[in-house]
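Note that the protein sequences, when read in sequence, are chains A and B. Counting in full-length UniProt numbering, the first sequence runs from 1 upward without gaps. Counting in full-length UniProt numbering, the second sequence runs from 1 upward without gaps. All C-beta atoms in this analysis are idealised placements derived from N, C-alpha and C, irrespective of residue type, glycine included. See below for the structure under consideration.
Protein chains: 2
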Amino acid sequence: MKNSRITLKDLAKDLNLSPSTISRALGNHPAISDATKKRVQKMAEELGFTPNSIASSFRKKKTQTIGVIVPRIDIHFHSLVISGIEEFAYNNGYNVTIFQSKDSLKREKEIVKILQNKMVDGVIVCLGIETKTCDHFKKINKLGIPLVFYDRVPTDFDANKIIINDFESAYLATEHLIKSGCKRIGHISGSQTTTIFKARLEGFKAALKKHHIPIEESLILFTNNLSYDEGVKCAEKYLKSDLKPDGIFCANDYTAVSVIQVFRKAEIKIPEDVAIVGFSNYPISKIIEPHLTTINDRAFQMGEAATKLLIRQIEEKDDSITSEIITLKTELIVRESSTRN
Amino acid sequence: MKNSRITLKDLAKDLNLSPSTISRALGNHPAISDATKKRVQKMAEELGFTPNSIASSFRKKKTQTIGVIVPRIDIHFHSLVISGIEEFAYNNGYNVTIFQSKDSLKREKEIVKILQNKMVDGVIVCLGIETKTCDHFKKINKLGIPLVFYDRVPTDFDANKIIINDFESAYLATEHLIKSGCKRIGHISGSQTTTIFKARLEGFKAALKKHHIPIEESLILFTNNLSYDEGVKCAEKYLKSDLKPDGIFCANDYTAVSVIQVFRKAEIKIPEDVAIVGFSNYPISKIIEPHLTTINDRAFQMGEAATKLLIRQIEEKDDSITSEIITLKTELIVRESSTRN
DNA sequence: CTGAAAGCGCTTACAG
DNA sequence: CTGAAAGCGCTTACAG
């Protein structure tokens, strides 16, 4: 509007040089003499010239932008991942444009289209809950735009994926309960259409099997979203059931917290009567009393790893389609909710 | 890389029309006949043509992008605000590029420069903690790019600001304690160099004054970041002090939660012995026992309001520099931590 | 209702 | 070491 921007051309005129030279000088091109570079840099500074990166993106067909699709930004896990993405991207000269799918397949498809048109250099995605097939992402691949999935990843096609080993993490958590002396161990699980919750259930069962502890199906409870309220309901079921658990592995921290609270109200001692382990290391796990033993799911690192892989693929010249699956190591954080003396 | 994109020109050739006509047809220009529009749309569909929005942005000098600078994405308040920004922006055809200043002034300045070069249509900012003056934002204004601040806003220049009334909210919270029968009311405050915490302290004092309750300076404690750990220390100070509070207004929910926990361990009953009120309505406020009375600080709405104002200013033709300050109405959410029968 | 032409601000292959 | 020229893919004022 007001003072229209200064362009390369303006600079060129002022310095009696060609725009080509200016462009190269500012880009630190080796063919340009140091003297010229200095003159150009100085004048650019003086006039407050800053390059129009849209023009540059357009010309180079490279936007230095990463598109990110998450179900919701306000879920702590995703906000941590995004934080990792932004951090790594920023340090490597990329910007991050975020979209929320709101778990809607329709919206996810719309966003994919926008991302193509916007010519992002790469895309990072956590699939929405409605998404069963990933055809809408194949177009992105066909355009040669690298694509990395994290957390909720496609099962129906080869792609770059950053995940944690849910099976192993659950195994670890369950084994920890066993080693703490638990004999009747329950599990609060999520929707079995979601791979990660299925894997956690399987890891749970495998640990029991390994240690010759019978799997009591009645102690395995299922929820839709692992919400706090569903956790309360599960806890009440445990209280009413004939077979009482003395240890519970919860597939996330919310349900673990609700179990702690319901049990304590019922005068059940945590961890003495029942030991509890959660999953995800949410901030609340360090605040709830007793502090919650949980699995560090490496959300921030997931964002970093996704971005690192993505940028590598963006900047690799060779066009061979490769896909990598990176599994991040999780960590069992032992706190009071499972520490028996 | 692979199949290079289809352009307007390609479409034009296929249909024996000029690129101008294709452009207008796809843009639903009134001068184009319906018949032509349909032909063009059909062919575009068939060939899978999608417009290159970088080219369009470059040509129109309009990127449909909003730049957002927050201190950190993984702070729940900001992730809620960003969620509101993304939602409103998406529904109005804008994309959101996010940056974390990490509370570093240097980085904030860098980001501002990137944003200028990226030709974003508008910018939404929550200032970093180091930022005392806003000269680096003035350039953005000079370029005619609308700018909206939220939460931590500049005090040294006129600008669009979305805030809540911290004074009034604190007044409300404190008055609620008074009405619940508290006589010796404490306050845990944040850094006094931050406007909002200063305002909360003042609102607190004003409510006491209004109700003729003496202000006991020894019951007003200061912290640097209102962290959970600092809250624990404050609670311990209260326990050791001669004058014991029977009500505490905490400037955020973390410190309120820590006070609840420390007091309960000391066998102090909440709310019977001491009533507690927090600030921000964090998820934990609904989980901690007793549930925490707090102020809903409208984070999501803040994001929406900021984006709404920003887009209005982007799309307004007239160039007169106006700046608006929008104060969102907060809400006292009364829960058990302050409910005495 | 449609088209020819210019141009947005860069970058880069080619030439010297 | 530097420059002239072409062009990225759109949009739009102008012309008919």
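Nearest-angstrom Cα separation, counted from residue j out to residue i
i, j, result
"A/L208", "B/R184", "55 Å"
"A/N117", "B/I75", "31 Å"
"A/G247", "A/T155", "32 Å"
"A/L309", "A/K210", "36 Å"
"A/I325", "A/R152", "13 Å"
"B/Q261", "A/F149", "40 Å"
"B/S4", "A/F249", "51 Å"
"B/S37", "B/A44", "For clarity, residue 37 of chain B is Lys in the given sequence; the question names Ser instead. Going by the C-alpha atoms only, they are around 10 Å apart."
"A/M1", "A/H78", "With a pLDDT of only 39 at A/M1, under the threshold of 50, the placement of this residue in the model should not be trusted; the figure read from the coordinates follows. Those two C-alpha atoms are separated by around 38 Å."
"A/A170", "B/P214", "56 Å"
"A/L292", "A/I140", "41 Å"
"B/I164", "A/H136", "41 Å"
"B/T327", "B/S258", "30 Å"
"B/H187", "B/V274", "12 Å"
"A/L332", "A/I287", "17 Å"
"A/Y282", "A/D253", "6 Å"
"B/L15", "B/G27", "17 Å"
"B/S191", "B/V232", "17 Å"
"B/F99", "A/G144", "26 Å"
"B/A305", "B/E110", "26 Å"
"A/I129", "A/E108", "10 Å"
"B/K142", "A/G48", "12 Å"
"B/E175", "B/H212", "11 Å"
Beta-carbon proximity of residue i to residue j, cut-off 7 Å
i, j, result
"A/D158", "A/I314", "no"
"B/V68", "B/I124", "yes"
"B/T307", "B/I85", "yes"
"B/I295", "B/A206", "no"
"B/T330", "B/D297", "yes"
"A/P290", "A/S241", "no"
"A/I54", "B/F58", "yes"
"A/E92", "B/T97", "Note that residue 92 of chain A corresponds to Asn in the displayed sequence, not to Glu. Not in contact: A/N92 and B/T97 (Cβ atoms no closer than 7 Å)."
"A/A251", "A/V81", "no"
"B/F167", "B/E216", "no"
"A/I284", "B/I73", "no"
"B/P71", "B/D103", "yes"
"A/S18", "A/A12", "yes"
"B/S180", "B/R340", "yes"
"residue 346 of chain B", "B/C234", "A question about residue 346 of chain B goes unanswered here, because the residues of chain B that appear run from 1 up to 341."
"A/L105", "A/T133", "no"
"B/I276", "B/I270", "yes"
Below-7 Å beta-carbon distance, residue i vs any chain B residue
i, result
"A/N91", "no"
"A/E336", "no"
"A/E130", "no"
"A/E108", "no"
"A/E86", "yes"
Residue-chain proximity (residue i, chain A), Cβ-Cβ < 7 Å
i, result
"B/N95", "yes"
"B/Q100", "yes"
"B/L80", "yes"
"B/S83", "yes"
"B/I284", "yes"
Pick from the options that is closest to residue i, judged by C-alpha positions
i, options, result
"residue 419 of chain B", "B/F77, B/N225, B/T36 and B/P51", "Outside the shown range of chain B (1 to 341) lies residue 419 of chain B, about which nothing can therefore be said."
"B/D10", "B/A31, B/C182 and B/P51", "B/P51"
"A/S218", "A/K233, A/P245 and A/R200", "A/P245"
"B/L147", "B/L328, B/L332 and B/T322", "B/T322"
"A/I162", "A/G303, A/G27 and A/P271", "A/G303"
"B/I66", "B/A89, B/K142, B/I288 and B/G128", "B/A89"
"A/S56", "A/L17, A/T7, A/L239 and A/E87", "A/T7"
"B/T194", "B/D253, B/I145, B/L177 and B/L127", "B/L127"
"A/F263", "A/S101, A/I32 and A/L239", "A/L239"
"B/M119", "B/K138, B/K142 and B/K62", "B/K62"
"A/I178", "A/H29, A/A266 and A/F204", "A/F204"
Q: Give, in chain order, every residue of the region 110-126 of chain B whose Cβ lies closer than 8 Å to some Cβ of chain A.
A: K113, I114, Q116, N117, K118 and M119
**Q.** Interface positions of the region 245-278 of chain A facing chain B (Cβ-Cβ less than 9 Å), listed along the chain
**A.** Contact annotation: in the region 245-278 of chain A, residues whose CB is within less than 9 Å of a CB in chain B are Y254, V257, S258, Q261, R264 and K265.
Q. Any residues in the region 46-74 of chain A with a beta carbon nearer than 7 Å to a beta carbon of chain B? Which ones, in chain order?
A. Sequence-ordered contacts of the region 46-74 of chain A with chain B read T50, P51, N52, S53, I54, A55, S57, F58, T63, R72, I73 and D74 [C-beta pairs closer than 7 Å].
Q) Relative to chain A, which residues along the region 209-232 of chain B have a C-beta separation below 8 Å, given in chain order? A) Per Cβ criterion, the list reads Y228.
Q) Taking Cβ-Cβ distances below 8 Å as the criterion, which residues of the region 171-198 of chain B are in contact with chain A? A) none
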